[in-house]
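Undergrad: Going by the working numbering, 1500 is the number at position 149 of the sequence shown; the sequence numbering is gapless.
Below is one structure. I have some questions about it.
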Amino acid sequence: MAADLKKIRVQIDGLKAEIAKVNSALPPVDEQVALLRGYLVSLTEPYQRFMSLAAGVVSRGVTINELINNIPPSRLPIHALGIGLAAHNVDNVIEQVLERAKAEDNGALRLSTDDREDRLAELRSELYMAELAEEAALDGAERRPGANSACVLGIPLAAALEIDERNQNNYLLSGKW
1352 MAADLKKIRV QIDGLKAEIA KVNSALPPVD EQVALLRGYL VSLTEPYQRF MSLAAGVVSR
1412 GVTINELINN IPPSRLPIHA LGIGLAAHNV DNVIEQVLER AKAEDNGALR LSTDDREDRL
1472 AELRSELYMA ELAEEAALDG AERRPGANSA CVLGIPLAAA LEIDERNQNN YLLSGKW
């Protein structure tokens, strides 16, 4: 096998590994914190309703039975969690979560959805070009198993991109056909 072909195949393997890494990238911490904050705040809402009813017991003479009957037993755990969150303050909980997350951080790649899609498009284009170069460098050598059929046919990158865009997918660039 020619040295150029070996070099191209090493490049292809590296691009495939990078694509796998980008595909498994985690969302950015700030996006995850915003989702967590929204969820925790929603958990405190039953507590806020409970506090309004409890204030009514004291200020308007609402009976304690009315307060008790307003919370079905099946909802008591969520009320208890909401009380705990409200008492501890959602911001304090987020701070503690961030401290633990920082301690557990394994350095995984983090990308926003847009950044991930942009990077994947870039990598797929690079991979396609490398696979086209591989086909050109074969010179009688055995074709790599799983070679992209579009590259085997010699479909240029611009044409493959146009076809993929028209079909709203990465069909040709994925090599999964």
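Every residue gets a Cβ at the ideal spot worked out from N, C-alpha and C, and that includes glycine.
Where does residue 1377 fall in DSSP's three states?
TA: Of the three classes helix, strand and coil, the one that applies to residue 1377 here is strand, per DSSP.
Undergrad: Looking at the secondary structure, which residues open and close the alpha helix (DSSP H) in which residue 1443 lies?
TA: 1441-1455 is the extent of the alpha helix (DSSP H) around residue 1443.
Undergrad: Would the segment 1485-1498 count as touching the segment 1461-1469 if we require 3 or more Cβ pairs under 8 Å?
TA: The segment 1485-1498 vs the segment 1461-1469: no contact.
Undergrad: For residue 1461, which beta-bridge partners are listed by DSSP?
TA: Answer by DSSP bridge pairing, in chain order: 1377.
Undergrad: Spell out a yes or no on whether the segment 1365-1376 and the segment 1497-1510 are touching, meaning 3 or more CB-CB pairs, one atom from each, closer than 8 Å.
TA: Short answer: they don't touch.
Undergrad: Determine the extent of the alpha helix (DSSP H) in which residue 1499 is found, giving its start and end residues.
TA: Where residue 1499 is concerned, there is no enclosing alpha helix (DSSP H), given that its DSSP letter is neither H nor E.
Undergrad: I need the straight-line Cα distance from residue 1368 to residue 1355, nearest angstrom please.
TA: Approximately 20 Å between the Cα atoms of the pair.
Undergrad: Below 8 Å on the Cβ atoms is my contact criterion, and I expect residue 1460 with residue 1405 to pass it. Report the Cβ-Cβ distance as a whole number of Å.
TA: In fact, because the Cβ distance is near 48 Å, the residues do not count as touching under 8 Å.
Undergrad: Assuming residue 1417 is part of the alpha helix (DSSP H), what are its boundary residues?
TA: Counting along the chain, the alpha helix (DSSP H) containing residue 1417 begins and ends at 1415-1420.
Undergrad: Please state if the CB of residue 1418 and the CB of residue 1409 are separated by a distance shorter than 8 Å.
TA: Result no, Cβ atoms of residue 1409 and residue 1418 do not sit closer than 8 Å.
Undergrad: Name the residue from 1401, 1473, 1514, 1358 whose alpha carbon lies nearest to the alpha carbon of residue 1429.
TA: Comparing Cα positions, the closest option is 1401.
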